[in-house]
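As structure tokens, the structure follows; a few thoughts come after it.
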Amino acid sequence: MPKEPAKRELKQERAARTRVDILEAAITLFARRGFLATTMADLARAIHMTPGALYWHFPTKEDLLLAAIEELHERYLKAFEDLLAAPASGSARERLQAFTHRTHAFLKEHREYGIFFGMLAAEAADANERVAEAIRDKLGLYAKALEGLLQQGRRAGELRQDLDAARTAHAVLGAFLGMLMHQNLFRATLDDDPLAAALDSLLEGGLLPRS
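Encoded structure:
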């Protein structure tokens, strides 16, 4: 009798591993080729799976894409968990620097994650409202967290008083994604670190109070 539950558990574990493999391949391919140019057949070949088996896990390409967005969101939250969960200690400037440094390091290690969001945001804005809404939802959460940090700095007098925290938060996120995609295009002549340092310098100079 115990064999049946054991078999069921093994099948569930295999299905979970297969799902992770599918999402990993989807994130990489969508980042490289975009949503519109990537087919389910492309994805099936990438993970050595028949299209029929892939459709069993995800009935449509849109379903797969939405699951990939959710998976990446969970990875982002895990990577920034300590910064988000920690009490508001230290100055807003120090916390903002910690946020930007962590973002640069994370996107340098996982370039395809940022490119994935950037590519999809560009494509889905006019092509697929359901996907666009999913992207807006996730990026909106990140912007809201950054907005709170900027508001804290403004109240403490560490940042400019005329700062529009909400719009600035979105501008900063857009700068990160745009920088990543721009560097990817010029990767033969532009390195990550100097470009990130230049962006940090521009951000800090623009956010600090004017003398």
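Quick note on numbering: the sequence shown equals residues 44 to 254 in my numbering.
By construction, the Cβ of each residue, glycine as well, lies at the ideal position given by its N, Cα and C atoms.
**Item:** Contacts around Ala240, its chain only, beta-carbon distance under 8 Å, and the 5 residues preceding and following it disregarded
**Value:** By 1-based counting over the sequence shown, the position of residue 240 is 197. Excluding residues within five positions, none has a Cβ falling inside 8 Å.
**Prompt:** Near Lys151, which residues of its chain fall below 6 Å by C-beta distance, leaving aside the five closest residues on each side in sequence?
**Reply:** Locating residue 151 in the sequence shown gives position 108, counting from the first residue. Correct list, in chain order: Asp235.
**Message:** Output needed for Gln204: all residues of its chain with C-beta closer than 8 Å, excluding positions within five of it in sequence on either side, in chain order.
**Reply:** One-based indexing of the sequence shown puts residue 204 at position 161. So the list reads Arg197 and Pro252, once near-sequence residues are dropped.
**Message:** Judging by CA-CA distance, which residue of His147, Asp106, Met92 and Leu163 is the nearest neighbour of Arg76?
**Reply:** Looking up residue 76 in the sequence shown gives position 33. When each option's Cα is compared against that of Arg76, the closest is Leu163.
**Request:** In the DSSP assignment, find the alpha helix (DSSP H) that holds His225 and state where it starts and stops.
**Result:** The residue you call residue 225 lines up with position 182 of the sequence shown. Ala208 to Leu228 is the span of the alpha helix (DSSP H), which, as asked, contains His225.
**Asked** How about Arg210: is its Cβ closer than 6 Å to a heavy atom in the ligand MN?
**Response** Annotation note on the ligand MN: not contained in the displayed structure, which lists no ligands.
**Item:** Reduced DSSP category for Gly157 - H, G, I as helix; E, B as strand; rest coil
**Value:** Reading the sequence shown from its first residue, position 114 is the one you call residue 157. DSSP places Gly157 in helix when its eight states are reduced to three.
**Message:** What would DSSP say about Met92, mapped onto helix, strand or coil?
**Reply:** In the sequence shown, the residue the question calls residue 92 occupies position 49. Residue state, collapsed to three classes: coil.
**The alpha helix (DSSP H) enclosing Leu262, as first and last residue numbers** = No information on residue 262 is available, as it lies outside the stretch 44 to 254 that the chain covers here.
**Message:** Between which residues of its own chain and Leu66 is the CB-CB distance below 7 Å, once the five residues before and five after are set aside?
**Reply:** Along the sequence shown, read from residue 1 onward, the residue named residue 66 stands at position 23. So the qualifying residues of the chain are Ala110, Ala111 and Glu114.
**Item:** Nearest neighbour of Leu206, chosen from Leu246, Phe123 and His100 [CA to CA]
**Value:** As a working note, residue 206 is residue 163 in the sequence shown. Closest option to Leu206, Cα to Cα, is Leu246.
**Request:** Would you mind stating whether Leu216 and Tyr185 have Cβ atoms separated by less than 7 Å?
**Result:** Translated into the one-based positions of the sequence shown, residue 216 becomes position 173. Translated into the one-based positions of the sequence shown, residue 185 becomes position 142. Against a cut-off of 7 Å, the Cβ pair of Tyr185 and Leu216 comes out as a contact.
**Chain-order list of residues whose beta-carbon lies under 7 Å from that of Ile90 (same chain, five-residue window excluded)** = Locating residue 90 in the sequence shown gives position 47, counting from the first residue. Within the same chain, Ile90 has close Cβ partners Asp64, Ile65 and Ala68.
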